[in-house]
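Chains A and B, in that order, are what the protein sequence lines are.
Residue numbering for the first sequence follows my numbering, beginning at 353 and increasing consecutively.
Residue numbering for the second sequence follows my numbering, beginning at 204 and increasing consecutively.
Beneath this line is the structure, given in structure tokens, with notes to follow.
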Amino acid sequence: MSIPAILISTIFVNNYVLARFLGICPFLGVSNKMETSAGMGVAVTFVVTLSSIITYFIQKGILDLLGLQYLQTIVFILVIAALVQFVELVLKKISPSLYNALGVYLPLITTNCVVLGVAILNIQEGYDLVRTIFNSLGSSIGFTLALILMAGIREKLEIADIPEVLKGFPIALITAGLMSIAFLGFGGLV
Amino acid sequence: MKLSKIFRDGIINDNPIFVQLIGMCSTLAVSTNVVNSVAMGAAVIAVLVGSNLVISILRNVIPDKIRIPAFVVVIATFVTIVEMFMKAYAPPIYEALGIFLPLIVVNCIILARAEAFASKNGIVASIVDGIGMGIGYTIALVVLGAIREIFGAGTFLGMQVLPASYQPAGIFIMPPGAFILLGILIGVFNLARRKKSSSKA
């Protein structure tokens, strides 16, 4: 696949949240406010891209060479957990203002399935380094887009008259379903 | 706490999907039919029981500060075992579950049980908790899978159940159907729980 096709595919057609069901927990958990969604989106983009590059080199340089592919899951999740901690430390030292803005989201990212999902899918699809980077960028932009759209809708939903039993999570899921129908419209693009 | 209560809590009062609302990604993704739902449920039960058991045994050994990474390693080990097992004995199901099998590692249910239950309770209670939560998850998955399969393909476990003249509603199999159906099911579950608690009071 060419690079523009990868970007369009991951942002719109195969949006990781709405079409592939990765990262639903933060999608529903932190999409209450616009600002927090944007902060989470930036933090995820940063971590996903960095972790994909690192896991790419680990896969090609260590696991494939030594025939240890079956250790992929364990190694990747450890790398991601360590990376998140590391990013947190570095941000704290270098840019306290950015740390204050993103700090609370960073620990949550370890258990965000987008990060591990993208890292594994990059290997499964057999992407080279450039495609890995663009695939990671595209998928996290897609995640951010879905998160921000959802936050916009939920801010309005707060004041809407919804049946008591559907308040909160159920209505958020139904909204996500309707958004997902809208995203099906991108189907023919790639 | 009585074991039967722990078990029942996992299935009904603290059902991971309908009440705690965790572990949504895999629930939505693999519940396109009943077979996948059961297979995913079995995988999660195996990992949950294994990780609860080991973490419960090691709960006094693991230092508090590094407990989360330690839990993750234990969980990832069991996920890898289940993954290899499925690849060897059930390749079609391994293919169907795809990326969501390794992603059990980051399924919040398992880490949540490790942190909230297994690291504080004895071995037997932890195993029972793992089985209860796992069955609760599986039930939610199978209900969702059954509805999606019946209306989306007109079949149940691969057998035709609706008349051939029924035009399958493909939307149930597609992602939007999963979101909307789960939203409605949680709403129904809330309604049932509310009825029950108001009739008690």
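C-beta atoms are modelled at their ideal positions from N, C-alpha and C, and glycine is treated no differently.
Around B/Met-287, the beta-carbon contacts reaching into chain A at under 8 Å are Tyr-422. Chain B places a beta carbon closer than 9 Å to that of A/Phe-373, counting this residue as a contact. Residue-level contact by beta carbon holds for B/Ala-381 and chain A, with a gap shorter than 9 Å. Pairing B/Ile-215 with B/Ile-312 gives a Cβ-Cβ distance that is not under 9 Å. The stretch 223-237 of chain B and the stretch 382-389 of chain B touch, with three or more beta-carbon pairs separated by less than 8 Å. Among the bridge pairs identified by DSSP, B/Thr-358 is matched with B/Gln-363.
The DSSP assignment places complete alpha helix (DSSP H) segments of no fewer than 4 residues inside the stretch 402-479 of chain A at 424-446, 448-454, 458-461 and 465-476, in order along the chain.
Within the stretch 294-357 of chain B, the runs of alpha helix (DSSP H) at least 4 residues long that lie entirely inside it are, in chain order, 294-300, 311-316 and 326-356. A/Leu-460 and A/Val-382 have their alpha carbons spaced roughly 10 Å apart.
Neighbours of B/Met-243 across chain A, judged by C-beta separation under 8 Å, do not exist; the nearest C-beta is about 12 Å away. For the C-beta of B/Leu-394, the chain A residues within less than 8 Å are, from N- to C-terminus, Val-517.
Judged by DSSP in its simplified three-state form, B/Leu-224 adopts coil rather than helix or strand.
In this chain, the alpha helix (DSSP H) harbouring B/Tyr-292 covers 270-292.
With a contact defined as Cβ atoms closer than 8 Å, A/Met-386 and A/Ala-503 qualify at about 5 Å. Per DSSP, the unbroken alpha helix (DSSP H) holding B/Ile-209 starts and ends at 206-211. Across the stretch 313-341 of chain B, CB contacts with chain A closer than 9 Å involve Leu-314, in sequence order along the chain. Between the C-alpha atoms of B/Ile-350 and B/Leu-384 there is a straight-line separation of about 9 Å.
When DSSP states are grouped into helix, strand and coil, A/Asp-513 belongs to the coil group. For B/Ile-307 and A/Phe-438, the gap between their C-alpha atoms comes out near 24 Å. Legend: CB atoms of the stretch 375-408 of chain A lying less than 8 Å from CB atoms of chain B belong to residues Gly-375, Ile-376, Cys-377 and Leu-380.
Our two residues, B/Lys-290 and A/Ile-514, have alpha carbons roughly 45 Å apart in a direct line. Interface criterion not met: the Cβ of B/Gly-361 is under 9 Å from no Cβ in chain A.
Within chain B, no C-beta atom comes nearer than 9 Å to that of A/Ile-511; the closest sits roughly 19 Å away.
Counted as a single uninterrupted DSSP element, the alpha helix (DSSP H) harbouring B/Ser-254 occupies residues 237-260. Chain-order list of chain A residues neighbouring B/Arg-397: Glu-516 and Val-517, by C-beta distance under 9 Å. In the structure shown, the three-state DSSP call for A/Pro-378 is helix.
For the set A/Leu-402, A/Gly-469, A/Leu-443 and A/Asn-487, the Cα lying nearest the Cα of A/Phe-364 is the one of A/Asn-487.
Taking C-beta separations shorter than 8 Å and ignoring five residues to either side along the sequence, the partners of A/Leu-423 in its chain run Leu-415, following chain order. With a threshold of 9 Å between beta carbons, A/Thr-496 makes no contact with chain B. Non-local C-beta neighbours of A/Ile-429 in its own chain, meaning closer than 7 Å and more than five positions away in sequence, comprise Leu-468, ordered along the chain. Non-local beta-carbon contacts of A/Pro-522 in its own chain, meaning distances under 7 Å to residues more than five positions away in sequence, are absent. DSSP, reduced to helix, strand and coil, places A/Ser-532 within a helical segment of the structure shown.
Counting the other Cβ atoms within 10 Å of the Cβ of B/Val-277 gives 16 or more, which makes it buried. At a C-beta separation below 8 Å, A/Leu-458 has no neighbours in chain B, since its nearest C-beta there lies roughly 13 Å away.
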